[in-house]
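Here's the structure we're looking at; comments come further down.
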Amino acid sequence: MKASLFGSTFTARLIAVLLMFAAVVGTAQANITDDFQRTDSATIGNNWVEKNASAFSIASGRVTKLSVGTGYPDNLVYRPAAENVADVEASVELRFTGSPGYPQVHTRVQTNTVTFAGWLDSYMLYINDSTSQAILGRQSGTAFVTTLATISLSPALNTTDNFRLRLRTTGTSPVELAAYVERFSGGSWQVVGQALYSDSSAQRIVNAGSVGFSGYVETTYSFDNFVRTNLTGAPSNPTPTLSSIAPGSALAGESGLTLTVTGSGFVAGSEVRWNGAARTTTFVSATTLEAAITSADLASAGSASVTVFSPTPGGGTSNAQTFTINPNGGSNPVPVTASLNPSSRTVGAGAFTLTVNGSSFASGAVVRWNGSNRTTTFVSNSQLTAAITASDVASTGSASVTVFNPTPGGGTSGALTFTITAATNPAPTLSSLNPTSRTAGAGAFTLTVTGANFVPSSVVRWNGSARTTTYVSATSLTAAITAADVATTGSASVTVFSPTPGGGTSGAQTFTISSSGGGGGTPVLTDLAPISTIVGSANAVVTINGSGFTASSVGRWNGSSRTTNFVSATQIQVTLTTADLNGDRIGAITVANSTNVSGPLSFYVLPGTDSAFFDGFNRGPNANIGNGWVEKTPTAFSINADGTVSAGNTFPVDYHDAIVYRPTGEDLLNAETSIEFIRQPNGERFAQLHSRVQRNTVQQTDTLHSYILYVEDYLPSPGALAFAIQPPTYNLGECVLQFVPLPSPLVNGNRYRLRFQVTGTYPVQLNGILERFNGGSWDLVVSGSMTHDNNTQDNGYFCPYAQTPAPIGTAGSVGFAKWETNSEAYDNFHYRTLSNGAPVSNVPAVSGIVPTATTAGAGAFNLVVNGANFTAGSVVRWNGANRTTTFISPTQLQAAITAADVQSAGTANVTVFNSGANGGTSPQSPQFTIVAAGGGGSFTDAFGRSDSDTIGNGWVEKTPSAFSLVGGRVVKQASTVDYRDTILYRPSSEALLNAEVSTVLRMSSTSIGYPSLFTRVQSNTVAQSNVVDGYMLYFDDSSTSVVLGRQRGQQFVTTLSSFTLSTPLNTTDLFRLRLSATGTSPVQLQAVVERFVSGNWTIIGQTTASDSASDRLTTPGVGALGGYVEATYSYDDFTVTTL
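The sequence shown runs -30 to -1, 1 to 1109 under mature numbering (1 follows the signal peptide of the UniProt record, and there is no 0).
Below you can see the structure in the form of structure tokens.
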């Protein structure tokens, strides 16, 4: 097993685990049984909770694993928290349809952890993608499963029998674990592998939990008959296993004998059974028993099934061994073969286990392959297994399989035929051609064909005739198209053919051969004027400069024709429609002369305050890039005659010195940069963009400080996009932060575009996009994003630094670079500012609502929604349902909330939806509170909005750098500022006298620090340095010690009361702080700390205080959050409630 993927890491291709539990027979009551015998459905039903609803479904009375890309912690199916139990056994039956994969069964699942993506705390038993191995393990948080015991399986798993996973968990110190894998054979369950383990580690799971099952991405198994049995916590007897018996045979009519039984897991109460009936048994050791076999047992020829039974708790029946009773003459019978499993194999498939079914097999029987003995395992007198080698199936044909019984008697059975079939080629599919057209008489050229399921023997066909073909990969071929093929105008049908076995002919793509006159050749674009306009503009006229234009030339927007005015052979004008300009976007402008289409230039539709720069490099060949560019190494790049930028061979100069960047006056903080590149067939290509290039480093040799987005060409195919940071360190490379895997390899000769969006100061948001030009518009290949802050870790691929470099929070230059040797051919560099610090998107953002609360039954009202990216078509949604919406401005909407919406006390989620391209639903959903009649109003903030250094939504930061929004939480930053100044508070307009404030707390370190919650904060004091008046509840740098106090001016907080938590703070659970203040003479204070357990908030500590001191706080104040210098915690779901 390797590292875990879990959703956001790309280095590893995780192996996930799927476990099942079985019921025990005994005095404990089995309180959960589910045979899944209900209507086929995408949901499991019967109170099961699915962490990922798309991971499993019910079909034909079995739970079927579906193919989803999430890790096993997120594929969990578990029982609800109300059924949590500590001492338990769980089991599930399992059937395989292919390679085993990773089926899993879980116990003591901590239900407070399953709400987090990629997170799970549980014990688990799983198959390790092997027919012969299972693992007993412990899963903690997002770390990969810890192996507690490795279990060998014999006989191996197969696709014929039913198997069962059983996991028993009891006790706390230590936790006793018993794991069994069983096979259903001969009418009963037989153990094929087991392990016992006592978990005494500090990470053991001692709390009651749920049970369930899970799996990874495979679809090769299904589940049946899940059982959960509550236990008493008593020690568990192991299930016995039986490996041999001695003697293994006797003659009919012999007197009784002593049978020695060897195996494992025997206990003092174990008994040997003869055909299911107990025999007098002597316990010798945990691996040996002796049984008295009577003369009646040996009276007649035949065979007997020998098993071992151990009593509850635990225990069970072992696998069987066969005792043979030979005729008194001592002769073995002639064996009879009936069937083989499997009966065929694909050539070259490798070694495997063959099962031979029949009758009259003796204990010394041997399977023969074309007359040669193979290593044989005697299962019963009706079944053998044999080890077939890879060389046995190395070539197509057939093999004769027989069974031989030794003397006396014995002999060879009749033969069964085993077939070795030829490998089957997949049917090819064809998705695109490059190029897609050619001018008649243009001569021979190389055609690139893209699709899927290509094999080395695949052939490109031109109108049904084969052309000389080069195999590039399973998704790419190149073909030599002759001059005769494009000598005259018309079209050709292009297909791909793969030979038998299998194979076939793909669907066709059309290649166009256009006239060399009349329609004009392929036009060339040099620049646009203007290159941008504002969102919502009326029809815009864009002047296109270039060459090769004719009176019939047509300008296109993202591949669609637009009204065109021919000015001259070097200039035309195209009119963009209002619909083209109704959102923030980048469009591709091309010009078509009949079927000959130019390369693209980008046109920006900007939100209003942004600016854009474009360089198409469409100037004469030159070693100097010109147009304001600064080249750190002048020989690194030059301009070609076709207007592309070519990389010279400057080895050993690497990208630190082979960078081309914009001049000082163009430094940018929030920006998107992009550059096009034409994929080259050779060299270390590494197309790359740089942003926030710090100018004090570009003058230093082999040194650079910047963010980088690049194509990592050292990875195995298909490769990946890489986010990286280059710190200002001499002669050391970049630190790779994250990979975004490509869905397929880049294709030589195709045109691609890298887009890199860098926004924010702390944390810094990085967005990367890779697109491919389809001839008219840009298609997305892959995209990804990440947040860079002081807690970000590198991805483990390459980072030659002791610590991940800190974020770059200052403006810098933008540019592009190359690796040491050959690079891609670059074209069309662009940058655009992002004035709002956010990447290009038409998704709305909600920053706040007015009002935030009303009284139940108060009647209809208008709700004002503030935010960004609102359009005339935006719709406010109340708990997901549309409400009549009035567009006020791009930052404000008004919605009509009905009387029925606020009829009863509760809360409602408010979102905004934008339709159209790049639209969607706002990720933020402020809660509106409906207070019961007679109660007060409230304020709630879930912090569910874009990452930012400013908290927004009305919050006031006394020290702006003390907090930031990361992942929908308020994160405390490290600082040297006193706790009186690291305070985040509500505005004075919200001051209340009688109120409760609360917030949810998560610890990121076992170093607790001083997280704090305030009420009645006097707004007139927070403007002064090192001064605050208010009541506060805080942790005293301890996981259990909590203080309730009064803070006045610059003096240190006065303790009014303190208390100790029954459960210490930890980095796994959620905790909530609640602080209320009511009255004036005295002021009554109540403080509560709660822990989120099994879906509910449970009090783990509380205190009260009555403040009658002369300096008590008797005037209204606001709620606030705070802390000290540490950066070890974050806040969520802040609420103020009027009392």
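Glycine residues also receive a C-beta, built at the ideal position from the N, C-alpha and C atoms.
Please read all numbers here as calculations on a predicted model, not as lab measurements.
> Which class does Ala449 belong to by DSSP, given the choice of helix, strand or coil?
Replying inline: strand
> Leaving out five residues before and five after Ser608 in sequence, what residues of the same chain have Cβ atoms less than 6 Å from its Cβ?
Replying inline: Ala593, Ser616
> When we look at the beta-carbon of Leu1045 and count the other beta-carbons within 10 Å, is it buried (16 or more) or exposed?
Replying inline: buried
>> On a Cα-Cα basis, can you pick out the residue from Thr83, Thr77, Gly88, Leu64 that is closest to Thr101?
In response: Leu64
> So what's Thr1010 in DSSP terms, helix, strand or just coil?
Replying inline: coil
> With respect to the beta strand (DSSP E) encompassing Thr667, which residues constitute its N-terminal and C-terminal limits?
Replying inline: Note, Thr667: premise wrong, no beta strand (DSSP E); alpha helix (DSSP H) at 665 to 668.
> Cα-Cα, which of Ile921, Trp159, Asn22, Leu495 is closest to Thr40?
Replying inline: Asn22
> Looking only at DSSP bridge pairs, what is Phe743 linked to?
Replying inline: Trp748
> If you run the structure through DSSP and keep just helix, strand and coil, what is Thr251?
Replying inline: strand
> Going by DSSP, what residues sit across from Ile678 in a beta bridge?
Replying inline: His660, Ala694
>> Once DSSP output is grouped into helix, strand and coil, what is the label at residue 1110?
In response: Coverage of the chain is limited to positions -30 through 1109, which leaves residue 1110 absent and any answer about it impossible.
>> Suppose contacts are defined by Cβ-Cβ distances below 8 Å. Is Ala1047 in contact with Tyr1101 by that definition?
In response: no
>> So, with DSSP's three-state summary, where would you put Thr(-22)?
In response: The predicted model places Thr(-22) with a pLDDT of 25, which falls under 50 and marks its position as unreliable; any figure quoted below should be read in that light. Of the three classes helix, strand and coil, the one that applies to Thr(-22) here is coil, per DSSP.
>> Please return the same chain residues whose Cβ sits closer than 6 Å to the Cβ of Gln164, not counting the five positions on each side in sequence.
In response: Tyr150, Thr209
> Taking just the CA atoms, how far does Ala851 sit from Phe898?
Replying inline: 14 Å
>> Tell me which residue opens and which closes the beta strand (DSSP E) that Gln353 is part of.
In response: 353 to 358
> So Pro398 and Asn433 are in contact, right, with Cβ under 8 Å, and what is the actual spacing, rounded?
Replying inline: Incorrect: roughly 17 Å between the Cβ atoms, too far for contact.
>> For a test of the three-state rule: what should DSSP assign to Ser1100, helix, strand or coil?
In response: strand
> Where does Ser333 land, buried or exposed, given buried means 16+ other C-beta within 10 angstroms?
Replying inline: buried
>> I believe Gly1089 touches Thr976 by the beta-carbon criterion, under 8 Å. Please report the beta-carbon distance rounded to the nearest angstrom.
In response: Incorrect: roughly 28 Å between the Cβ atoms, too far for contact.
> Between which two residues does the beta strand (DSSP E) harbouring Arg174 extend?
Replying inline: Premise fails: Arg174 is in no beta strand (DSSP E) and is neither H nor E.
> On the three-pair Cβ rule with 8 Å, is the region 383 to 399 touching the region 158 to 173?
Replying inline: no
> What is the rounded straight-line gap between the Cα of Pro770 and the Cα of Arg723?
Replying inline: 29 Å
> Would Phe66 be called buried (16 or more neighbouring beta carbons within 10 Å of its own) or exposed?
Replying inline: buried
>> Less than 8 Å between the beta carbons of Ala826 and Val872, yes or no?
In response: yes
>> According to DSSP, simplified to helix, strand and coil, what is residue 1111?
In response: Because the chain spans -30 through 1109 in this model, residue 1111 falls outside it and cannot be assessed.
> In or out: Ala(-9) buried (at least 16 other Cβ within 10 Å) or exposed?
Replying inline: Annotation note: pLDDT 30 at Ala(-9) (below 50); position unreliable, no value reported.
> Is Val456 helix, strand or coil by DSSP?
Replying inline: helix
> Name the DSSP bridge partner or partners of Leu227?
Replying inline: Ile263
>> Pop quiz: Gly1093 and Gly979 are said to be a contact at Cβ under 8 Å. What is the actual Cβ separation, rounded to whole angstroms?
In response: 7 Å
>> Let me check understanding here. Comparing Cα to Cα, which of Val442, Trp789, Ser427, Ser443 lies closest to Ala436?
In response: Ser427
> Where does Ala52 fall in DSSP's three states?
Replying inline: helix
> From what residue to what residue does the beta strand (DSSP E) around Glu63 run?
Replying inline: 58 to 66
>> Between the region 252 to 272 and the region 229 to 242, can you find at least three pairs of beta-carbon atoms closer than 8 Å?
In response: yes
> Could you give the residue range of the beta strand (DSSP E) that holds Phe322?
Replying inline: 322 to 329
> How is Val494 classed by DSSP in three states: helix, strand or coil?
Replying inline: strand
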